[in-house]
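Asks:
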Amino acid sequence: MAEFNVIEKFVSIDGEGPTAGSLSVFIRFANCNLRCVWCDTSYAWECDPKTEKLTAIEIVKYIKQTGVKHITLTGGEPLIQKNLISLLAMLSDYEIHIETNGSLDIHKFRLGDNVHFVVDYKLPDSGMEDKMYLSNLTAVKSKDAYKFVIASKKDLDKAIEIVRAYRLDEITQVYFSAVFDKMDPADIIEVMKEEHLNRIKLQLQLHKFIWNKNKRGV
Ligand code: SF4
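In the numbering used here, the protein residues as written are 40 to 257.
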């Protein structure tokens with residue numbers, strides 16, 4: 040049976056997205072097809088000596104024994120994992136959020152109403168904006184979310200432009216998040232007030248405030 044490269048698996052609170060603050064089982068897959076300038080999970084870019092090779096059955100067994108009903112599939116990039124669809128099919132009793140970097144088509148992974156996406160739009164300062172799969176901007180639904188990670192005023196202006204061009208806040212949940220140590224969240228709030236961004240939520244990466252910002256497995 041095919042194996043997944045799992046960098047880490049753990050139970051914690053979801054730090055971002057619509058289920059922020061709720062318990063979730065995290066499965067962090069190795070490998071990413073992007074290289075964002077400000078990436079805070081670069082340890083997941085490649086397999087490392089601690090990477091576990093787990094079959095779908097072993098991942099499901101781990102999830103079951105945690106007793107937690109919400110799953111966050113993250114990375115790295117979950118959608119480049121071979122056989123992800125077969126794993127999703129085995130998890131139909133769980134609410135699943137897939138955190139994806141926005142460069143890949145989410146469509147074929149929407150197996151059921153229990154699968155939701157937190158899709159990034161990589162802004163100019165990430166260096167990856169040209170890799171965005173723009174059709175995702177019209178494929179998201181109300182229980183999905185789009186997340187804009189903002190590192191500068193230029194990024195913030197572009198995020199607002201995209202939200203307005205695609206009327207994104209009318210079809211899905213939209214989150215603005217600040218790159219830790221680069222963008223002051225208070226500056227985002229000021230612009231939200233000035234621009235009357237009533238449907239957009241500022242989001243702080245909770246785990247970076249609760250634990251050391253570089254702590255893994257939380
Ligand atoms: S997509 Fe995510 S994991 Fe990949 S480089 Fe960007 S921030 Fe890092």
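Cβ coordinates follow ideal geometry from the N, Cα and C atoms, glycine included.
Residues bridged to residue 52 by DSSP?
Replies: For the purposes of this step, residue 52 is taken as the residue at position 13 of the sequence shown. According to DSSP, which records beta bridges pairwise, residue 52 is partnered with 62.
Asks: Check whether the Cβ atoms of residue 185 and residue 207 lie closer than 8 Å to each other.
Replies: In the sequence shown, the residue the question calls residue 185 occupies position 146. In the sequence shown, the residue the question calls residue 207 occupies position 168. A contact, by the Cβ cut-off of 8 Å.
Asks: Identify every residue that forms a DSSP beta bridge with residue 112.
Replies: Along the sequence shown, read from residue 1 onward, the residue named residue 112 stands at position 73. Here residue 112 is bridged, per DSSP, to 66 and 137.
Asks: Less than 7 Å between C-beta atoms, sequence neighbours within five positions excluded: which residues of the same chain meet that for residue 44?
Replies: Here residue 44 refers to the residue found at position 5 when the sequence shown is read from its first residue. Excluding sequence neighbours, residue 44 sits near 68, 69, 70, 86, 90 and 92.
Asks: Going by CA-CA distance only, name the one from 133, 162 and 164 that's closest to residue 152.
Replies: In the sequence shown, residue 152 corresponds to position 113, counting from 1. Cα-wise, what sits closest to residue 152 is 133.
Asks: With residue 208 as the anchor, note down where its alpha helix (DSSP H) starts and where it stops.
Replies: Position 169 of the sequence shown holds residue 208. It spans 207-210 - the alpha helix (DSSP H) in which residue 208 sits, taken as one unbroken run.
Asks: Run the proximity test for residue 73: is its beta-carbon closer than 7 Å to any non-hydrogen atom belonging to the ligand SF4?
Replies: Within the sequence shown, residue 73 is the residue found at index 34, counting from 1. For the ligand SF4, at least one heavy atom lies less than 7 Å from the Cβ of residue 73.
Asks: Could you tell me whether any non-hydrogen atom of the ligand SF4 is closer than 7 Å to the CB of residue 83?
Replies: On the sequence shown, residue 83 is found 44 positions in, with the first residue counted as 1. Checking every heavy atom of the ligand SF4 against the Cβ of residue 83, one is found closer than 7 Å.
Asks: Mark residue 161 as exposed unless 16 or more other C-beta atoms lie within 10 angstroms of its C-beta, in which case mark it buried.
Replies: Here residue 161 corresponds to residue number 122 of the sequence shown, with the count starting at 1. With 16 or more other Cβ atoms within 10 Å, it is buried.
Asks: Only counting the same chain, and skipping five residues up and downstream in sequence, which positions put a Cβ closer than 7 Å to that of residue 178?
Replies: Within the sequence shown, residue 178 is the residue found at index 139, counting from 1. Taken in chain order, the residues that qualify are 145 and 146.
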